[in-house]
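Just so we're aligned: the sequence shown equals residues 62 to 669 in the numbering used here.
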Amino acid sequence: MERTGPTVRFSGLLAAVTAAVLAAGALVATAPAAGAADVDLARNGGFESGLDGWSCTAASGAVVSAPVHGGTKALKATPAGSDNARCSQTITVKPNSSYTLSAWVQGSYVYLGATGTGTTDVSTWTQSSGAWKQLTTTFRTGPSTTSVSVYTHGWYGTPAHYVDDLTLVGPGGDPVVIPAVPAGLKTTAITSSSMALSWNAVSGASGYNVYRGGAKVATATGPSATVTGLTPSTAYSFQVSATNAAGESAKSAAITATTTAGGGGGGDTKLPARALVGYLHSSFANGSGYTRMADVPDSWDVINLAFGEPTSVTSGDIRFSLCPVAECPNVESEAEFKAAIKAKQAAGKKVLISIGGQNGQVQLASTAARDAFVTSVSKIIDTYGLDGLDIDFEGHSLSLNTGDTDFRSPNSPVIVNLISAVKSLKAKYGSDFVLTMAPETFFVQLGYQFYGSGPWGGQDPRAGAYLPVIHALRDDLTLLHVQDYNSGPIMGLDNQYHTMGGADFHIAMTDMLLAGFPVAGDTTKVFPGLRPDQVAIGLPASTQAGNGHTTPAEVNKALNCLIKKTDCGSYQTRGTWSDLRGLMTWSINWDRFNNGEFSRNFDAYFGS
């Protein structure tokens with residue numbers, strides 16, 4: 062969240078991760094000749110059948126008749142905005158085998174590479190190619206690798222490039238067979254309206270189907286899913302099957318479980334079924350102007366006071382004060398501010414202190430900082446009579462130490478101490494304590510591809526760093542509203558990159574939170590999906606508030622897809638998330654500056 066306006070930080074973070082991944086890859090200019098038993102495994106590598114077999118980001122890929130290197134067709138791919146025009150194909154391979162990847166390219170900054178090799182992913186590129194030029198690299202698959210993804214892409218802001226005659230030469234993969242029946246089906250969390258399920262991963266499975274009473278109700282890419290829309294105090298029977306390109310396994314043995322009698326659970330704290338969350342610039346002013354607490358419109362259900370900030374990065378000592386009169390001439394008095402908070406709470410609203418923001422770097426690197434955090438945040442909550450805490454750690458607040466590779470058991474002090482501090486606050490204030498988080502996509506969804514510094518080191522240690530915090534606090538978490546803005550392209554569960562600013566980005570990013578995903582592609586380390594009532598979509602309220610503003614029409618498409626499974630476009634969600642809690646925005650001030658467009662659209666959509 063920003064004090065002064067949009068600042069694109071993600072591109073630098075993404076570039077750091079990309080550079081690290083490229084640095085770890087093998088850039089090979091020439092390749093050994095293929096063995097006698099090797100074959101070309103790429104499907105439609107000459108693009109003679111259009112884009113058959115290929116998936117391209119957004120509308121970047123098209124097949125043209127000129128220029129071509131061989132045959133009559135070639136791929137033309139055009140980067141646009143934050144889309145680097147990536148086209149990819151998943152290919153079945155053999156474990157412990159060598160492969161040669163080649164393609165003829167034409168244009169500036171054209172890349173060719175392979176991911177999911179099980180060893181070291183590879184990439185090569187050309188800076189400028191006025192004529193057709195062949196790119197070639199080689200790799201060896203890991204001991205359990207049965208498929209890889211090969212890709213080409215350009216670079217941001219560059220003209221269209223061309224690709225033709227792409228080949229992947231090596232031993233053909235074994236025929237795909239129907240996977241085995243999943244075992245170990247169990248419930249991991251139960252509420253009055255949902256059940257979280259998990260089961261043992263099945264070798265060779267690309268997905269799973271979840272059945273309730275014999276009817277398919279959900280799909281998943283990993284061995285976990287959450288079924289929603291259930292009735293309190295009701296018994297349900299569940300089964301699961303495994304799927305891949307060859308078909309679907311038989312259903313597992315059934316388990317039966319009963320929903321609880323109460324509503325919500327896990328930190329629901331009596332929020333409305335559809336909640337609108339907004340940040341109020343309370344300690345500073347910017348181009349949107351200062352809004353007094355008493356003037357916050359009734360549409361807002363959760364009001365996050367921005368911001369509580371530390372006395373120093375590592376002190377853990379958080380301070381909050383109202384905006385100075387010199388900066389905000391219309392600021393209310395402390396007494397008026399406290400009275401307005403009580404009035405909002407009497408009307409059913411929740412008012413929280415938000416810690417961090419763009420300028421508020423918080424690193425709880427020691428137990429002393431942890432304890433200072435608990436003490437100082439408690440003082441703010443008590444002074445203003447607040448309902449809870451919003452964690453908006455950005456920048457360098459959270460990172461993972463080298464070797465900290467499992468989100469389920471973190472050992473990095475800044476992570477462990479934050480979890481401990483929040484649990485202490487929750488224990489102090491009890492079940493009514495409201496806990497929300499507003500991480501950036503870099504710290505959450507990017508974890509599907511990269512986690513910390515990676516198994517070999519060299520990656521940005523902040524990648525996915527919020528995941529252990531969210532996971533450890535999921536039973537205490539009221540709402541997670543990831544900032545779907547100021548973001549670079551992020552890979553979704555469809556293994557395609559999605560770019561901010563439209564419904565597709567919000568659909569793909571939210572679906573990841575609800576369906577869960579393997580962290581850094583490791584199917585033994587699956588981040589379980591959250592309950593839909595724990596999730597809201599984070600957006601900027603206007604074009605001035607942040608990069609990635611989404612029009613009301615596109616916001617409504619995203620809601621239609623996630624809640625009703627309509628208007629989904631090309632992305633297919635892993636479930637129908639009818640209990641999705643709502644929307645968050647930066648900020649209440651910017652929405653008022655924009656004549657209330659964001660909140661009015663929310664009210665109109667949900668019939669408020």
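For glycine and all other residues, C-beta sits at the position ideal for the given N, C-alpha and C.
Computed from a predicted structure; not experimentally measured.
- prompt: Taking the DSSP output, what are the residues bridged to residue 39?
  reply: The requested residue 39 is not part of the displayed model; the chain covers only 62 to 669.
- request: Quick one: which unbroken beta strand (DSSP E) runs of 3-plus residues sit fully inside the segment 299-374? Chain order, please.
  value: 316-319, 336-342 and 363-371
task: Please specify which runs of the beta strand (DSSP E), each continuous and at least 3 residues long, are wholly inside the segment 603-665, giving them in chain order.
output: 643-647
field: Cβ-Cβ distance between residue 363 and residue 341 below 8 Å
entry: no
field: When 442, 333 and 482 are compared against residue 691, the one with the closest alpha-carbon
entry: What is shown of the chain runs 62 to 669, which leaves residue 691 out entirely.
- request: Reducing DSSP to helix, strand and coil, say where residue 246 ends up.
  value: coil
query: What does residue 269 pair with, by DSSP beta-bridge criteria?
result: 281 and 303
- prompt: Since residue 454 contacts residue 508 with CB under 8 Å, what's their CB separation in whole angstroms?
  reply: Not quite, the Cβ-Cβ distance comes to about 15 Å (not below 8 Å), so this is no contact.
field: For residue 506, the nearest candidate out of 445, 576 and 539 (CA to CA)
entry: 576
query: Among 592, 611 and 591, which one has its Cα closest to the Cα of residue 600?
result: 611
message: So, with DSSP's three-state summary, where would you put residue 567?
response: helix
query: Is it true that the CB of residue 618 sits closer than 8 Å to the CB of residue 564?
result: yes
Buried versus exposed, by CB contacts within 10 Å (16 or more), residue 137: buried
- prompt: Considering only residues of the same chain and omitting the five flanking positions on each side of residue 479, which have a CB-CB separation below 7 Å?
  reply: 425 and 530
- prompt: Exposed or buried, what is residue 649 when buried is set at 16 or more other beta-carbons lying within 10 Å of its beta-carbon?
  reply: buried
Of the listed residues 289, 365 and 229, nearest to residue 198 (C-alpha basis): 229
message: From the DSSP secondary-structure annotation, give me the bridge partner or partners of residue 166.
response: 194 and 224
task: With a 10 Å radius around its C-beta and 16 neighbouring C-beta atoms as the bar for buried, classify residue 408 as buried or exposed.
output: exposed
query: Looking at the structure shown, is residue 239 part of a helix, part of a strand, or coil, going by DSSP?
result: coil
task: Can you have a look at residue 469 and say buried or exposed, based on whether 16 or more other CB atoms are within 10 angstroms of its CB?
output: exposed
- prompt: With contact counted as at least three CB pairs below 8 Å, one residue from each stretch, are the segment 299-319 and the segment 236-246 in contact?
  reply: yes
message: In chain order, what are the residue ranges of uninterrupted beta strand (DSSP E) at least 3 long that sit wholly in the segment 403-431?
response: 411-417
message: Between residue 165 and residue 188, how many whole angstroms is the CB-CB distance? I'm expecting something under 8 Å.
response: So it is not a contact: roughly 16 Å between Cβ atoms.
field: Endpoints, the beta strand (DSSP E) within which residue 212 is located
entry: 208-214
query: What does a CB cutoff of less than 8 Å around residue 158 pick up in its chain, not counting 5 residues either side in sequence?
result: 201, 202, 231 and 232
field: For residue 501, three-class secondary structure by DSSP
entry: strand
- prompt: Looking only at DSSP bridge pairs, what is residue 186 linked to?
  reply: 172
- request: Using 10 angstroms around the beta-carbon of residue 438, count the other beta-carbons present and answer buried if the total reaches 16, otherwise exposed.
  value: buried
field: Option nearest residue 694 by Cα separation, candidates 193, 367, 602 and 605
entry: An answer regarding residue 694 cannot be provided, because it is not within the stretch 62 to 669 covered by the chain.
Exposure of residue 213, with buried meaning 16 or more beta-carbon neighbours within 10 Å: buried
field: CB of residue 602 within 8 Å of CB of residue 655, strictly
entry: yes
task: Reducing DSSP to helix, strand and coil, say where residue 122 ends up.
output: strand
query: Whose CA, out of 635, 595 and 604, lies closest to the CA of residue 338?
result: 595
message: Can you find the residues in the same chain that come closer than 7 Å, C-beta to C-beta, to residue 487, ignoring five residues on each side of it along the sequence?
response: 494, 496 and 537
message: Can you tell me where the beta strand (DSSP E) holding residue 52 begins and where it ends?
response: The shown model of the chain, from 62 to 669, leaves out residue 52, and the question about it has no answer.
query: Who are residue 233's beta bridge partners in DSSP?
result: 154
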